[in-house]
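Structure record follows, encoded as structure tokens.
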Amino acid sequence: MERIDVYRGQASTSEDGDLVQGPLELWRSFTGLAAPVSASESPTESSQGVTVGYTVYVRSGEPTGILDTDVIGLRGLLLPVDGLPAVWENPRGEHVGDVITVGLREG
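Under the numbering used here, the first residue of the sequence shown carries the number 21, and numbering increases by one thereafter.
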């Protein structure tokens, strides 16, 4: 089990009255499992990028509240959430936890 930190920027208003995201702050921490995700990336003319990604499994009796705009702190990296978290249910349809995909392309 690993510590999963969830960072969220608080919404604020700019001088022009536009809604903007403020600096990231630790919102909540969970204990979960992280499985590395390997994706084959084709190199481009401008990048030999490497994708760093994980599928994160967080057990909880109710939804975690993680949003697709959050950033996950995992293994010393800050990784953006990729899409909405999936609901993890047992065969009886009871909520077991959330499954979150995070990833970042470097390079």
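Backbone N, C-alpha and C fix where the C-beta goes; we use that ideal spot for every residue, glycine too. Computed from a prediction, not measured in an experiment: that's the story for all the values here.
request  = Compare the C-alpha of PRO105 against each of VAL76, THR51 and PRO43 and name the closest.
outcome  = Taking PRO105 as reference, the option from VAL76, THR51 and PRO43 with the minimal CA-CA separation is VAL76.
message = For the region 23-40 against the region 74-92, do three or more pairs of beta-carbon atoms, one drawn from each stretch, fall closer than 8 Å, so that the two count as touching?
response = The region 23-40 is in contact with the region 74-92.
query = Going straight from the alpha carbon of ASP88 to that of GLU35, what length do you get?
reply = Each residue's alpha carbon lies about 26 Å from the other.
message = Only counting the same chain, and skipping five residues up and downstream in sequence, which positions put a Cβ closer than 7 Å to that of LEU39?
response = Excluding its 5 nearest sequence neighbours in each direction, LEU39 has C-beta neighbours in its own chain below 7 Å: ALA31 and THR33, listed in chain order.
key: THR50 vs VAL78 beta-carbon contact at 8 Å   = The sequence shown places Phe at residue 50, not Thr. Yes; because the gap between Cβ atoms is below 8 Å, this pair is in contact.
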